[in-house]
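J.: One structure coming up, written as C-alpha cells, with questions to follow.
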C-alpha cells in the first residue's frame with residue numbers, strides 16, 4: 443500500500459470529494475494563493491502549507507475560492523452557503539485565528555439547526571492547523587479543540603495520522619453537520635499507509651492504536667505518537683499499555699474508552715490542550731463516573747502547564763507533553 | 366410609477382400585516398404570556414415591503430433581532446410566526462427559536478439573528494450558492510445602524526465586492542442602537558457613504574417612503590442579477606417602540622414617538638400617495654386593514670391554543686441524525 447504524508451492525505455481527500463460532488467467548494471486565505479500578484483501565478487502557494495495544491499488547476503476558481511483575510515466573513519459565508527445548497531470546506535489557517543470568527547462558529551454554525559427546529563442543514567467543514575512544536579509562539583500554536591467540543595451542534599475531528607486524516611476528512615465532507623477538522627502542524631510530513639481510493643472513517647469511532655492489559659492511555663491527535671513511544675518504552679519494563687485514539691472528540695467514543703478502562707483498570711489521559719477543562723479532564727471524569735469500581739488506581743492526566751505556548755525552543759520543548767512524561771504517568775498508576 | 370395596482374395592493378397589505386402583527390405583540394406582551402423578549406418593527410414597514418417586493422422564492426434574506434417585518438414580507442406565515450413567538454410546537458421553528466431566531470428556509474428566510482451584524486456574512490454564502498449553482502438568485506442582509514459598526518459587516522461587504530456576489534446590504538438606520546443614538550455612534554454620520562469604500566453603490570433613502578425604498582432596491586437587484594456585484598441601501602427612519610418591549614425609552618424626548626406617528630407613518634404616506642394619484646380607493650385600503658386585523662386575531666388565537674413542545678424536543682435537532 444502506498445505511503446503518503448498527512449499533507450498528501452488531506453489533499454487527496456479534498457480532490458476525491460470535489461470530483462465526487464460538484465457542490466463541494468473550498469475557500470480560505472491563499473487556498474489557491476497568488477491571485478492578483480505580479481507573478482500572475484494563480485496558484486503560487488496552493489495553501490500556505492501546500493495542502494490545497496493542484497485544486498484550482500483541476501476545479502477552477504469558482505470552486506477554489508481565495509478569500510481576503512476576513513475569517514468572520516468567509517466562515518460565515520461557508521455557513522450561509524451550506525444552508526443554501528453547497529458543501530463548503532473552509533480553511534482557517536491556524537485554529538488560533540478562530541478568535542476573529544468565533545461568533546460565526548459558536549452562535550451561528552453550532553446553533554442554527556437547533557434554533558430553526560431542524561429546518562436547516564449545515565454540511566460544512568472548517569479545516570485548521572493546530573498544536574505546538576513549530577516555534578510559532580502563543581498565537582499560532584494552540585490546540586483549542588476542547589472549546590469547540592464544548593459546543594453542542596459541532597463535530598470535532600482530531601486525526602493522529604495520514605490514514606485517519608483522509609478517511610475522517612472524507613466523512614466530514616459527506617456529513618450533514620458542521621465538522622471542525624484539526625490538523626497538527628508537527629505531523630504534516632508524517633507518512634503511513636494511505637489507500638488511493640476514497641474511504642470513509644466514521645466520526646465517533648475510536649481506533650485501538652495498541653492493545654495491552656495493564657493500563658489504558660487515551661491520547662488525542664499528535665499525542666497518540668507520544669503515547670506509542672511511551673508504550674514501547676514501558677513494554678521493556680513489562681508494562682503492557684493499551685492506547686485508545688478517539689479520532690474525534692465530538693462525538694466522543696465513550697464506549698471504546700470505558701471498555702478499555704474496564705479491561706485494564708488504569709487510565710492515563712494525554713492531551714496537548716491547556717489543562718483546565720480539556721479532553722483529559724473530560725475523559726477522566728467520564729471514567730470516574732462510569733467505571734469507578736473498575737479503577738485500580740487514581741487516573742492520571744498529562745497536559746501542558748496552564749500557560750500560553752512559549753516561543754523559545756527550550757521553553758516550548760518543556761511545554762509539550764512528551765513520551766517520558768506519559769511513561770511516568772503510567773508508572774504512577776501502576777505503583778498505586 | 367412602475368408598479369402595477371396589484372403590486373401596490375400587495376405592498377400595502379404586507380405593511381399593514383407587519384404593523385398589526387407588532388402592534389398586537391405590544392399589547393399581548395404585557396399579559397406575560399410571551400416568553401423572553403421581543404423587538405418591534407413598527408415604523409419601519411416600508412423597508413421590509415419595499416425591499417422584498419423585488420424578491421422571488423429563489424432569493425434569500427437574513428434578518429435581525431427586529432425581524433418580524435422581514436419574515437412577513439418574505440412570505441412567512443403569520444400564524445406559525447406567532448406560535449413561534451409564543452414558544453409553541455406549531456411555531457416555525459417548533460418553539461426552539463423564538464422571536465430572535467424565526468426562520469423559514471423554504472421561503473428563503475435564513476433567520477432572524479440575535480447577534481448584531483452576523484447575518485451579513487451568512488448572506489455572502491447564500492449569494493455564493495446562487496452564483497455557483499447559477500440560480501439567478503440574490504441574497505439580502507438586513508442590519509441596522511448598530512450593525513453598521515460591526516467588523517463582520519465590513520468584512521462581509523468587502524468579501525461580497527471581491528467575489529462580486531449578488532448580495533445587497535440593507536441598513537435600517539432607525540435612529541438608535543439599543544439606547545445610543547446613531548448620531549453619536551455612527552462616525553461620519555451616515556452609512557451610505559461607506560459603500561464607495563467597498564466599490565459598491567450606496568443608496569440613502571427615506572425609510573418611511575415605500576416608493577423610495579422600492580426604487581433603490583430595483584436598482585440594487587438589477588445590478589446583482591446582472592452579475593455586477595453588491596449594493597448598499599441605507600433606509601432612514603425611527604422605530605416607534607423601544608429597543609425591546611419594556612424599554613422605558615428614557616433616552617428619547619417625550620414627544621418624539623408621538624410626532625413620528627403623526628408625521629412619519631409609512632402606511633399613511635403610502636395611502637396618501639396612492640389615493641391622491643387615483644390608483645387605489647381609500648375604501649379598498651380600509652378593507653385590507655380589516656382583513657389584516659382579522660388575520661392577526663386568528664394568528665394570536667392559534668398561537669395561544671397551540672400545544673407546547675413535547676419534552677423530547679429538548680434533545681432533537683442538535684445534529685442532522687437526531
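Residue numbers (the numbering used here), protein chains in the order written: chain A, 443 to 778; chain B, 366 to 687. Beta carbons are placed, not taken as given, at the ideal position from N, Cα and C, and that holds for glycine. Predicted, not measured: the structure shown is a model, and the values here were computed from it.
What are the start and end residues of the beta strand (DSSP E) that includes residue 623 of chain A?
T.: Note, residue 623 of chain A: beta strand (DSSP E), 621–626.
J.: For residue 716 of chain A, tell me which candidate among A:592, A:751, A:772 has the shortest Cα-Cα distance.
T.: Closest by alpha carbon: A:751.
J.: How would you label residue 719 of chain A, buried or exposed, when you count the other beta carbons within 10 angstroms and need 16 or more for buried?
T.: So residue 719 of chain A counts as exposed.
J.: Are the C-beta atoms of residue 713 of chain A and some chain B residue less than 8 Å apart?
T.: No, its Cβ sits nowhere closer than 8 Å to a Cβ of chain B.
J.: Should residue 520 of chain B be flagged as near chain E, meaning a C-beta pair shorter than 8 Å?
T.: As a matter of chain content, chain E is missing from the structure shown, whose protein chains are A and B.
J.: Can you tell me where the alpha helix (DSSP H) with residue 667 of chain A in it begins and where it stops?
T.: Residue 667 of chain A -> alpha helix (DSSP H) spans 665–678.
J.: Residue 649 of chain A: buried (16+ other C-beta within 10 angstroms of its C-beta) or exposed?
T.: Residue 649 of chain A should be labelled buried.
J.: Mind listing, in chain order, the continuous beta strand (DSSP E) runs of no fewer than 3 residues lying wholly within the stretch 399–461 of chain B?
T.: Taking only runs of at least 3 residues, the beta strand (DSSP E) segments lying wholly in the stretch 399–461 of chain B are 425–427.
J.: Which ranges does the alpha helix (DSSP H) cover as unbroken runs of at least 4 residues, wholly within the stretch 542–570 of chain A, from first to last along the chain?
T.: Fully enclosed alpha helix (DSSP H) runs of 4 or longer: 554–557.
J.: Taking 8 Å as the threshold (C-beta atoms), are residue 682 of chain B and residue 472 of chain B in contact?
T.: Not closer than 8 Å, so no.
J.: In angstroms, rounded to a whole number, what distance separates the CA positions of residue 600 of chain A and residue 667 of chain A?
T.: Taking the straight line joining both Cα atoms gives about 13 Å.
J.: Shorter than 8 Å from the beta carbon of residue 451 of chain B to some beta carbon of chain A?
T.: It does not; no Cβ of chain A falls within 8 Å.
J.: Rounded to whole angstroms, what is the Cα-Cα separation between residue 614 of chain A and residue 372 of chain B?
T.: C-alpha separation (whole angstroms): 46 Å.
J.: What residues of chain A sit near residue 461 of chain B, judged by a beta carbon separation below 9 Å?
T.: Near residue 461 of chain B (Cβ distances below 9 Å), the residues of chain A are 556, 557, 558, 559, 560.
J.: Name the chain B residues whose beta carbon is nearer than 8 Å to that of residue 525 of chain A?
T.: Here the neighbours are 470, 475, 487, 490, 491.
J.: Figure out for me which residue from A:677, A:508, A:690, A:580 has the closest Cα to the Cα of residue 588 of chain A.
T.: Comparing Cα-Cα distances from residue 588 of chain A to each of A:677, A:508, A:690, A:580, the minimum goes to A:690.
J.: In terms of alpha-carbon separation, which member of B:655, B:386, B:519 lies closest to residue 482 of chain B?
T.: Comparing Cα-Cα distances from residue 482 of chain B to each of B:655, B:386, B:519, the minimum goes to B:519.
J.: In terms of residues, what are the limits of the alpha helix (DSSP H) holding residue 525 of chain A?
T.: Run containing residue 525 of chain A: 513–526, per the alpha helix (DSSP H) assignment.
J.: Residue 685 of chain B CB to nearest chain A CB: under 8 Å?
T.: Yes, residue 685 of chain B lies at the interface with chain A (some Cβ there is under 8 Å from its Cβ).
J.: For residue 323 of chain B, return the contacting residues in chain A, with the cut-off set at a CB-CB distance below 7 Å.
T.: Outside the shown range of chain B, which is 366 to 687, sits residue 323 of chain B, and nothing can be said about it.
J.: With 8 Å set as the bound, which would you pick, yes or no: does the beta-carbon of residue 482 of chain A sit closer than that to a beta-carbon of chain B?
T.: It does not; no Cβ of chain B falls within 8 Å.
J.: For residue 585 of chain A and residue 723 of chain A, what's the separation of their Cα atoms in angstroms?
T.: Taking the straight line joining both Cα atoms gives about 15 Å.
J.: Could you tell me which of A:737, A:663, A:754 sits nearest to residue 626 of chain A, measuring between CA atoms?
T.: With distances taken between Cα atoms, residue 626 of chain A lies closest to A:663.
J.: Could you check the C-alpha separation between residue 383 of chain B and residue 590 of chain A for me, to the nearest Å?
T.: Taking the straight line joining both Cα atoms gives about 39 Å.
J.: Kindly indicate the opening and closing residues of the alpha helix (DSSP H) around residue 588 of chain A.
T.: Here the alpha helix (DSSP H) through residue 588 of chain A covers 587–591.
J.: For a quick check, are the C-beta atoms of residue 535 of chain B and residue 507 of chain B less than 8 Å apart?
T.: For residue 535 of chain B and residue 507 of chain B, yes; Cβs fall inside 8 Å.
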